[in-house]
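One structure below.
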Amino acid sequence: MKITSATKVLGVIGDPVAHSLSPIMHNGWIADHGFDAVYVALQLQSEDAEHDIRALKGLGFTGLNVTLPHKEAAAKAADRSEDVVVNTLRWEEDGTLSAFNTDGAGFLDALTEAAPDWADRVRRVLIVGAGGLGSP
16 MKITSATKVL
26 GVIGDPVAHS
36 LSPIMHNGWI
46 ADHGFDAVYV
56 ALQLQSEDAE
66 HDIRALKGLG
76 FTGLNVTLPH
86 KEAAAKAADR
96 SEDVVVNTLR
106 WEEDGTLSAF
116 NTDGAGFLDA
126 LTEAAPDWAD
136 RVRRVLIVGA
146 GGLGSP
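Position 12, counted from 1, in the sequence shown is what my numbering calls 27; the numbers after and before it change by one each time, with no gaps.
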């Protein structure tokens, strides 16, 4: 993998994050599709995660996945966010930081793929241990 000044820098932030398989998965996908990008794991131990997340733009980051304990701080750091907790950040071309939570949509996509007719058969669902996704 050749990294140049044009290479997009993406990653996952959290504490801890060394156990994450995201770099292996994402860098494999990036290589398979021929994108000029790199995906790294960044352990962020911070007393001011909101500030530190915003500062990552200066290091060339264009997007981040966010894991514990920074999901709430990431939402607060963003210029645009509709969620209290987020797991995805993207720096826009105008320099603003947008935040998203893709957990719910990802769960529903996987459920629909595994059981296409689940919505016709299930009337109630109980999610235990929803973590940040369960925040108001």
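Virtual Cβ for every residue (Gly too), placed ideally from N, Cα, C.
Every value quoted in this text rests on a predicted model; they were computed, and no experiment measured them.
Over what stretch of residues does the beta strand (DSSP E) that includes residue i continue unbroken?
{"i": "Arg105", "result": "103-106"}
{"i": "Ala52", "result": "52-58"}
Can you tell me whether residue i is buried or exposed, with buried defined as 16 or more other CB within 10 angstroms of its CB?
{"i": "Ser20", "result": "exposed"}
{"i": "Ala92", "result": "buried"}
{"i": "Ala52", "result": "buried"}
{"i": "His48", "result": "exposed"}
{"i": "Val100", "result": "buried"}
{"i": "Ala46", "result": "exposed"}
I'd like the span of the alpha helix (DSSP H) that includes residue i, first residue to last.
{"i": "Ile28", "result": "Careful: Ile28 lies outside any alpha helix (DSSP H), inside the beta strand (DSSP E) at 23-29."}
{"i": "Ser20", "result": "No alpha helix (DSSP H) holds Ser20; DSSP gives it neither H nor E."}
{"i": "Glu65", "result": "64-70"}
{"i": "Ala46", "result": "37-48"}
Rounded to a whole number of angstroms, what is the C-alpha to C-alpha distance between residue i and residue j?
{"i": "Pro31", "j": "Leu83", "result": "8 Å"}
{"i": "Asn80", "j": "Thr117", "result": "10 Å"}
{"i": "Leu104", "j": "Ser96", "result": "9 Å"}
{"i": "Gly78", "j": "Val140", "result": "32 Å"}
{"i": "Glu128", "j": "Gly119", "result": "14 Å"}
{"i": "Ser35", "j": "Phe115", "result": "20 Å"}
{"i": "Gly121", "j": "Thr22", "result": "27 Å"}
When the Cβ atoms of the region 52-67 are set against those of the region 77-92, are three or more pairs found closer than 8 Å? In this structure the region 52-67 lies against the region 77-92, because at least three pairs of beta carbons, one per stretch, are closer than 8 Å.
Is there contact here, the region 100-108 with the region 130-137, by at least three beta-carbon pairs under 8 Å? Between the region 100-108 and the region 130-137, the count of C-beta pairs closer than 8 Å stays below three; the two stretches do not touch.
Of all the alpha helix (DSSP H) runs that stay within the bounds of the region 76-140, which reach a length of 4 or more residues? Taking only runs of at least 4 residues, the alpha helix (DSSP H) segments lying wholly in the region 76-140 are 86-92, 118-129, 133-136.
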